[in-house]
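Residue numbers (the numbering used here), protein chains in the order written: chain A, 1 to 247; chain B, 248 to 749.
Now the structure itself:
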């Protein structure tokens with residue numbers, strides 16, 4: 001559980017533009033709007049006939065030319081404004097807007113941090129695979145591990161935490177992704193069966209190349225330094241019948 | 248295909264409160280094999296069955312005691328599959344005569360089905376009495392044997408069909424063999440236990456494959472196989488003793504689990520399957536909803552069940568419960584009945600309205616009902632590591648509060664501080680209406696204890712700590728899955744008194 005130790009998520013500046021998905025200008029190269037905007041360091045979400053967007057590349061909203069970005073990617077729009085979001089982690093904003101923007105921001109931050117490192121593969125759902133982390137090697141297949149940053153939780157009033165999880169990918173001896181379900185499942189199952197301590201060691205070994213991670217979200221910078229949060233022990237509450245005798 | 252309906256995004260509903268993070272004490276709920284068993288005796292399923300016998304042979308409760316004297320096996324194998332025939336022969340002889348080999352240090356013995364489950368008789372056929380059939384023509388083969396199955400009941404026994412085959416649950420290849428067996432025997436009101444043999448280039452899978460592996464322990468697999476058979480003929484191997492609520496020694500009288508499957512006939516439609524368990528964890532019945540169009544609401548992740556559908560299935564579930572002789576007494580004796588409803592996602596306000604409406608309508612003519620809404624999320628938002636344990640594996644039964652309504656619960660996993668096994672994932676327990684007047688629980692601790700106890704009630708395995716979800720959701724998932732494949736007993740079938748679906 002990596003708790004954000006940077007700015008909290010209050011008073012975030014975003015662009016709010018009246019338009020819908022139907023107004024998206026088709027891309028001659030067939031790229032999705034998300035890909036196009038993220039290439040420019042912009043996160044976005046559509047909600048209630050508005051486009052909500054913000055820079056995630058370290059710039060502030062005032063430093064970028066919104067009209068230029070809009071005209072490149074949309075056929076029409078009605079009005080644009082800069083809005084300060086003070087309820088970023090409220091239920092109302094969290095599901096349709098905030099989580100979508102955060103996902104884009106994480107994806108961009110991972111790409112920015114690891115783009116020059118050849119040992120890493122970044123995949124769609126905020127997954128970073130480390131080619132050096134071979135978790136299992138069979139006769140015909142091998143499995144590498146990676147970290148998923150797909151789980152994002154709200155913590156306290158206006159903060160978030162990332163919950164990194166180990167993910168696995170299975171390749172054959174010609175470095176092709178194994179598509180056969182049974183073979184793939186078997187190899188990944190073998191690779192993922194480990195005690196908690198080994199799990200943590202794997203996670204730590206991969207995360208040290210990624211953390212500290214700074215995620216820019218408009219005028220805010222989130223900082224993630226550690227994956228652990230220690231729960232303070234309360235000895236009188238720790239009593240529990242044990243199951244040593246069971247096996 | 249089963250929709251897991253994890254509503255993956257529902258983990259967003261969780262807001263961790265750092266100052267609330269603390270460990271919740273969870274009490275072990277030992278399986279009970281006999282009314283005379285000391286209440287604090289922690290005993291494994293194998294030890295319990297060996298020491299006391301199955302629970303239904305040791306109880307004076309007429310509703311819980313065993314209703315049959317013996318079990319009669321019918322063994323089927325696909326013709327021209329010599330390996331199946333041979334391995335099935337080995338497996339069946341172990342069921343009959345026992346398994347006393349010790350294949351390695353971590354193996355266990357099995358004294359035979361009749362002896363271990365304290366049956367008056369278990370008729371287990373010799374190899375030459377096995378019935379060969381041609382896959383695709385099983386129905387034809389069964390035509391002439393229907394009377395054999397009927398006679399079993401007249402002898403006061405229960406039938407079980409063991410079918411060997413090359414299908415395996417994790418692969419698509421030869422799946423039609425498995426489906427044909429399940430479908431044909433279920434149509435005949437016969438419980439069916441499939442034994443698979445699957446071999447691939449570098450190994451194999453299935454109990455028949457394992458029979459021949461002399462270098463691997465087989466005792467636990469055999470026990471699991473036997474336990475499944477016992478459940479499928481209607482046996483009750485153990486119960487748990489509920490003492491879930493400290494307030495007024497309350498128990499949850501009915502636990503209801505809801506899961507979903509896509510309708511095969513109507514594209515875009517969903518069917519809900521609801522399992523109802525009594526306070527001992529016995530299956531009271533299964534309700535299926537009418538196919539309904541899944542609603543996707545803006546701002547809400549995942550699917551929403553329409554209010555009317557939810558209202559209808561809850562009323563049907565209550566009607567089903569009260570029509571069951573084992574449960575009826577509870578409704579007649581108690582002024583207030585406590586129920587808990589589980590699903591794999593948070594309850595949407597529309598769904599809650601449906602539940603409230605159903606309960607209010609019920610109260611107009613019957614008992615008052617207190618209800619707990621308990622979403623279980625099986626994709627954990629976060630993990631806990633116990634640095635005091637040798638391998639940091641978190642003990643099964645560990646619960647950690649994330650906020651006033653949410654806890655993560657290790658329902659499976661390590662059984663000791665020195666357990667070096669693979670780590671397991673926790674489930675997330677949400678007490679959605681905790682604190683409201685109609686909620687029977689008074690604390691998150693009670694809710695976690697309750698959910699934890701239900702994870703002991705699956706009767707699918709003798710290994711403690713290997714099933715993560717409570718029995719309600721496990722059972723509903725199995726029923727929904729089989730139903731989606733067209734496999735479902737008739738409404739009046741005796742199979743509804745058994746665990747035909749495990």
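Backbone N, C-alpha and C define an ideal beta-carbon position, used for all residues, glycine too.
- Sequence-distant Cβ neighbours of residue 365(B) in its own chain, meaning closer than 6 Å and more than five residues away, are 300 and 304.
- Residue 523(B) is not a Cβ neighbour of residue 507(B), given a cutoff of 8 Å.
- For residue 292(B), the three-state secondary structure derived from DSSP is helix.
- Taking the beta carbon of residue 632(B) as reference, the chain A residues within 9 Å of it are 196, 197, 199, 200 and 228, listed in sequence order.
- Under the 8 Å criterion on CB atoms, residue 668(B) is classed as interfacial with respect to chain A.
- Each residue's CA atom was taken as its position, placing residue 568(B) and residue 8(A) some 50 Å apart.
- By the criterion of a C-beta distance shorter than 8 Å, residue 319(B) is surrounded in its chain by 369, 370, 399, 402, 404, 405, 406 and 407, once the five residues flanking it on both sides are discounted.
- Only 151, 153, 154, 155 and 156 from the segment 140-157 of chain A bring a Cβ to less than 7 Å from some Cβ of chain B.
- Ranked by Cα distance from residue 525(B), the options 389(B), 462(B) and 704(B) are led by 704(B).
- Residues 10 and 11 of the same chain have their beta carbon placed closer than 7 Å to that of residue 86(A), with the five preceding and five following residues left out of the count.
- Using a CB distance cut-off of 8 Å, residue 363(B) does not count as an interface residue toward chain A.
- Scanning 119(A), 146(A) and 24(A) for the CA closest to the CA of residue 125(A) turns up 146(A).
- Sequence-distant Cβ neighbours of residue 171(A) in its own chain, meaning closer than 8 Å and more than five residues away, are 141, 142, 143, 144, 177 and 178.
- Sorting 281(B), 325(B) and 621(B) by C-alpha distance to the C-alpha of residue 308(B) places 281(B) at the top.
- From the listed residues 666(B), 332(B), 387(B) and 644(B), the smallest Cα separation to residue 270(B) is found for 644(B).
- Contact annotation for residue 106(A) against chain B: no contact, minimum CB-CB distance about 15 Å [criterion: below 7 Å].
- Within 10 angstroms of the beta-carbon of residue 585(B) lie 16 or more other beta-carbons, which makes it buried.
- Leaving aside the five residues that flank residue 274(B) on each side, the residues in its chain whose CB is nearer than 7 Å to its CB run, in chain order, 696.
- In this structure residue 462(B) does not touch residue 349(B) by the C-beta definition: roughly 12 Å separates them, more than the 8 Å allowed.
- Among the CB atoms of chain B, one or more fall inside 8 Å of the CB of residue 231(A).
- Taking the C-beta atoms as reference points, residue 714(B) is found no nearer than 8 Å to residue 669(B).
- For residue 176(A), no Cβ of chain B is located within less than 8 Å of the residue's own Cβ.
- Per DSSP, reduced to three states, the secondary structure at residue 404(B) is strand.
- If you compare the alpha carbons of 527(B), 322(B) and 264(B) with that of residue 485(B), the shortest gap goes to 527(B).
- Around the beta-carbon of residue 277(B), 16 or more other beta-carbon atoms lie within 10 Å, marking it buried.
- Considering only beta carbons, no part of the segment 385-411 of chain B lies closer than 8 Å to chain A.
- At the C-beta level, residue 742(B) and residue 436(B) come within 8 Å of one another.
- Short of 6 Å from the beta carbon of residue 464(B), and not among the five residues preceding or following it, lie these beta carbons of its own chain, in chain order: 350, 351, 353 and 354.
- Annotated as proximal: residue 56(A) and residue 105(A), with beta-carbon spacing under 8 Å.
- Within chain B, the residues whose beta carbon sits less than 7 Å from that of residue 1(A) are 629, listed in sequence order.
- Under the three-state reduction of DSSP output, residue 177(A) falls in the strand class.
- Assigned with DSSP and collapsed to three states, residue 431(B) falls in helix.
- The closest CA to that of residue 93(A), considering only 48(A), 75(A) and 128(A), is found on 48(A).
- In the displayed model, residue 50(A) falls within a strand according to three-state DSSP.
- If you look at residue 196(A), you'll find it isn't in any beta strand (DSSP E); it sits in the alpha helix (DSSP H) that goes 196-207.
- At least one CB atom of chain B sits nearer than 8 Å to the CB of residue 163(A).
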